[in-house]
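The structure appears below as structure tokens.
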DNA sequence: ATGTCGGAATTATTCCGA
């Protein structure tokens, strides 16, 4: 089966582009972030018409996460417990034999902004919630936009980026707590030395200049990691398609046995 | 050039967040 994560940057503005991607890549199970739509305005029928079950946790204007699946979705949790004030950023469901969670981690804005410590707290809450609700021996995926650059190789700035927002020791430590709970970064497991990115700023021609970051991850427990056949970042879908504007994030896809 | 997007608030223009 093919699983994926993708920050779509507005599900309504991106709808035709997303459909092109679904038709082209034929994923089985997908986490979307940044829906930017109220629950009642989400285009459920558009995805159902393509053969997907779909469940969301959303809010008007920004944030919002969704799960699309060819198999039925049984939602377990909407919202990160205790962190609801920071917006609609987590949804967990059971899909077949898999526990599937997708998250949109707060951006943090800058290291001296009030949102920055809130981001660190949110990450710590996510780790606590994961530890309390999952076991390391189950088949579980935690995917999404983490807004953290785990290592210098994941930034176009390399180690020169260390200390900037997304690249701080505190954010990296928050991410390391998650991987310490038995979650493996599936792309990095498969490609230890690949300096690929998943996000490029719309501004300043960042994509064409190679100014990107790898901040979107498919994390999986050991049993998921052992099923991985291939993982890739779908860079082509960061480009315009049929005149349609892309998200500023590329999808990340894994093929599982 | 902090140079682009998407959405909200408000009525085509400005703001906010990313």
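Residue numbers (the working numbering): 139 to 395.
Even glycine gets a Cβ: it sits at the ideal position worked out from N, Cα and C.
Computed from a predicted structure; not experimentally measured.
In the DSSP assignment, residue 159 falls within the alpha helix (DSSP H) that extends over 153 to 163. Note on residue 174: 16 or more other CB atoms within 10 angstroms of its CB, so buried under the neighbour-count rule.
Judged by their CB atoms, residue 386 and residue 337 are nearer to each other than the 8 Å cut-off.
Comparing C-alpha distances from residue 298 to each of 349, 236 and 181 shows the shortest one belongs to 349. Two segments are said to touch when three or more pairs of C-beta atoms, one from each, lie closer than 8 Å; by this definition the region 248 to 264 touches the region 212 to 230. Minimum Cα-Cα distance from residue 394 among the listed residues 189, 376, 367 and 388 corresponds to 367. Here the alpha carbons of residue 351 and residue 335 stand approximately 5 Å from one another. DSSP places residue 356 in no alpha helix (DSSP H) but in the uninterrupted beta strand (DSSP E) bounded by 354 to 358. Per DSSP, reduced to three states, the secondary structure at residue 269 is helical. Membership of residue 170 in any alpha helix (DSSP H) is not indicated; the residue belongs instead to the beta strand (DSSP E) covering 167 to 171. The DSSP assignment places 278 to 283 as complete runs of the beta strand (DSSP E) inside the region 238 to 299, in order along the chain (cut-off: 3 residues).
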